[in-house]
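Numbering (this note's numbering), first residue to last: 9 to 102.
Below: one structure, written as structure tokens.
Dropping the structure here:
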């Protein structure tokens, strides 16, 4: 939801995570010592379960810190991402 709709009297629920979904998953898997299972979780298990072909493209993550922007443009509005202004330990490099 946009900042305007979240920071209002009725306040819409939800957290914007699309900006760093894979990087956040990498942090979570690493925190429990299961980083080796990240690729399967992100790339194989869903496709295999539903009998779909696996995606042939690749994404490379690197242990490289970055600061999440305070906001992202969302059409004419803005969204505040999860962990805005905070550091995420993983980056997509390709």
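Each residue gets a CB set at the ideal place from its N, CA and C atoms; glycine is no exception.
Measure the alpha-carbon distance for residue 62 versus residue 55 and round it to whole angstroms.
6 Å
Fully enclosed by the stretch 19 to 65, which alpha helix (DSSP H) runs are 4 residues long or longer?
29 to 39, 53 to 58
Check the DSSP bridge columns for residue 95 and list the partner residues they point to.
75
Short of 8 Å in beta carbon distance, which residues of its chain neighbour residue 34, apart from the five on each side in sequence? Order them along the chain.
43, 46, 69, 97, 98
How would you label residue 53, buried or exposed, when you count the other beta carbons within 10 angstroms and need 16 or more for buried?
exposed
Decide if residue 75 is buried, meaning its Cβ has at least 16 other Cβ atoms within 10 Å, or exposed.
exposed
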